[in-house]
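This is the structure we're talking about:
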């Protein structure tokens, strides 16, 4: 008995009477490539994608943490872990379904069947795994290798040939072997892809060669210049490779760190001077650094900014120079146009300035866009974590902010953690007064203060500690800490609080002195304004309100406005409360500390339905409100309501909740 060689070329007589068999499988059952493509799309998008998302969900928290902490190694490991989960899922799905069911779910939908070319009952498990592994690799290569279904005479891509399989359609909706047009199509596509890949490779090699010729880049790689500015030395090690082109790369790193508050002006000055002493060419980036170094000398700084656009008029540095000039003129539309003109991926140091600018201008969606563009950066971990929290807070994503902040504070070094926790605790205090000290951020801050009391030398941290002591009526402890660790202005603030109820005139005088101190701490001055509104007489209150209404909206403006709303409600000046609330709402302030006084004012002005609408929004935001007792505090939500808002909320709920249930 002679066994036919299944791989030999057939003569014209054999080809003329239909297609011959491969083993015991008839070749005239070949599956349509379009059916195979549709089956693969169903398998990948409908079947596998939800499974992969579910299985990789435990790694998402790790990935989020790595992004917040700017931990590149953890980011790579978590991303790699998610990739391994995806690959393993695809391989197991393909292999097991091919072995046990002769095809995946997608193939079954299109009546396709994977068979062994030798006519065995089913594809063996080893062949199924081999086929699945190769199929996954081919798919990872943008499915380019799959195009061999248009060139192979049996429409068998590499994964079919490795596993001795072929895909057929037993329902006889089959196709013939590839014709000359299909073969040509496949060859053109593959050739084009290879040509593009070759061009990209050559381009990258040219860029690498240019980088290696840069003295600054080589000196950085070899460790030269270490000790020039330690912050830049450390940051450079993890800086993205695409930012390491050009001989002014260290200046770019220094600019980014300076913009983020991670490096001093002296550090930037050293880096610019080092660059200029080692390079004779003019650099727009170096001129930009000089403009910031000499920012206190406006004439000299402006000369550097103007020179940038003369040297390179269409460079990002020139666009940034124009932005700096427009900052001085408060031309915010031109500033916005300048950042927008940068494209999708501006230099890191410019992105940092954009994030700061848009956050300050309360354009949080734009700030979020620049944050999303930045890749994980260890050197900028504290800055990016803080501003991501600020942006999400401004977008009223409070639950998401708290999760992200708690995750970040678990991993940040103490200095960055204190900066983030004090900012978060302060905003929680604006929002919920004494109830804020039950929140995670305030607890983290209190824990760090207890373990390192020298942190009270920071006025922002000291302020939150003082406010907490007021809420808990713990004056003795705060006096002990103030005598050792706190500044004179903080001690003055503590005395102003003590005299607030005993001698309001003395309290007002001390608070006014703090506010008018040109060298005072901004956060302390802001809190002094809030306390002054609560302490001053009614006539002074209304005069200050008129001034406030004419000011330009800002974050501190909003905090003062909330204090006006609370005091006006106490004085039962509900029309004024409503006027202030509308102005703040129009300016983008939709926080609890704005909406709660609005609910009270609307209720007493007779607009109960509007008050109930706002109260419903607040209840959805805070389904389980809590607070602590104290001079400023409230009793727990389950007890008898004590604040004006809680009384109004309970009244509205009794009046309207049964109607909504009906």
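Numbering (my numbering), first residue to last: 15 to 676.
Even for Gly, the Cβ is constructed at its ideal location relative to N, Cα and C.
Would you call residue i buried or exposed, if buried means 16 or more other Cβ atoms sit within 10 Å of its Cβ?
i           : result
residue 116 : buried
residue 202 : exposed
residue 352 : buried
residue 357 : exposed
residue 192 : buried
residue 137 : buried
residue 659 : buried
residue 311 : exposed
residue 465 : exposed
residue 26  : Caution applies to residue 26, whose pLDDT of 38 falls short of 50 and renders its modelled position unreliable; the value that the coordinates give is listed next. Its Cβ having fewer than 16 others within 10 Å, residue 26 is exposed.
residue 120 : buried
residue 354 : exposed
residue 154 : exposed
residue 7   : Absent from the structure is residue 7, since the part of the chain shown begins at 15 and ends at 676.
residue 195 : exposed
residue 611 : buried
residue 413 : exposed
residue 232 : In this prediction, residue 232 scores a pLDDT of 44, lower than 50, which makes its location untrustworthy; no coordinate-derived value is stated.
Given residue i, which residues of its chain have a CB within under 8 Å of its CB, disregarding the five upstream and five downstream residues?
i           : result
residue 537 : 440, 473, 474 and 477
residue 236 : Unreliable placement is indicated for residue 236, whose pLDDT of 41 sits below 50; no coordinate value is reported for it.
residue 21  : Since pLDDT at residue 21 reaches only 43, below the 50 mark, its modelled position is unreliable, and no value is offered.
residue 432 : 459, 462, 469, 472 and 475
residue 103 : 62, 65, 66 and 69
Could you name the residues of the same chain whose beta carbon sits closer than 6 Å to that of residue i, not counting the 5 residues immediately before and after it, in chain order?
i           : result
residue 545 : 525
residue 174 : 180
residue 17  : Bear in mind that a pLDDT of 43 at residue 17, under 50, signals an unreliable position, so the number given afterwards is only what the model happens to contain. Once the five neighbours on either side are set aside, residue 17 has no close Cβ partner at all.
residue 567 : 601
residue 363 : 266, 269, 270 and 273
residue 378 : 405, 408 and 409
residue 110 : none
residue 577 : 544 and 547
residue 619 : 588
residue 367 : 273
residue 670 : 626
residue 325 : 296 and 298
Considering just the uninterrupted stretch of the alpha helix (DSSP H) at residue i, what are its terminal residues?
i           : result
residue 520 : 518–530
residue 374 : 362–374
residue 495 : 489–499
residue 163 : From DSSP, residue 163 is part of no alpha helix (DSSP H); its letter is neither H nor E.
residue 358 : Segment: none, residue 358 is in no alpha helix (DSSP H) and carries neither H nor E.
residue 583 : 569–584
residue 428 : 428–446
residue 600 : 588–600
residue 320 : 312–325
residue 301 : 298–307
residue 611 : 606–618
residue 456 : 454–465
residue 120 : 119–123
residue 339 : 330–342
Tell me residue i's beta-bridge partners as DSSP assigns them.
i           : result
residue 130 : 179
residue 44  : 182
Near residue i, which residues of its chain fall below 7 Å by C-beta distance, leaving aside the five closest residues on each side in sequence?
i           : result
residue 555 : 547 and 581
residue 359 : 387
residue 471 : 499
residue 329 : 298
residue 346 : 375
residue 124 : 49, 52 and 53
residue 101 : 150
residue 262 : 230, 289, 297, 299 and 300
residue 253 : 267
For chain B, check one thing: does any of its Cβ atoms lie closer than 8 Å to the Cβ of residue i?
i           : result
residue 401 : Absent from the structure: chain B. Only one protein chain is present.
Give me the Cβ distance between residue i and residue j, rounded to the nearest whole Å; I'm assuming they're in contact under 8 Å.
i           : j           : result
residue 299 : residue 266 : 6 Å
residue 113 : residue 139 : 5 Å
residue 243 : residue 294 : About 22 Å; that fails the 8 Å criterion.
residue 608 : residue 598 : 5 Å
residue 510 : residue 501 : So it is not a contact: roughly 14 Å between Cβ atoms.
residue 305 : residue 319 : 5 Å
residue 182 : residue 44  : 6 Å
residue 503 : residue 528 : 6 Å
residue 415 : residue 434 : Between residue 434 and residue 415 the Cβ distance is about 11 Å, and since that is not below 8 Å, they are no contact.
residue 444 : residue 573 : 6 Å
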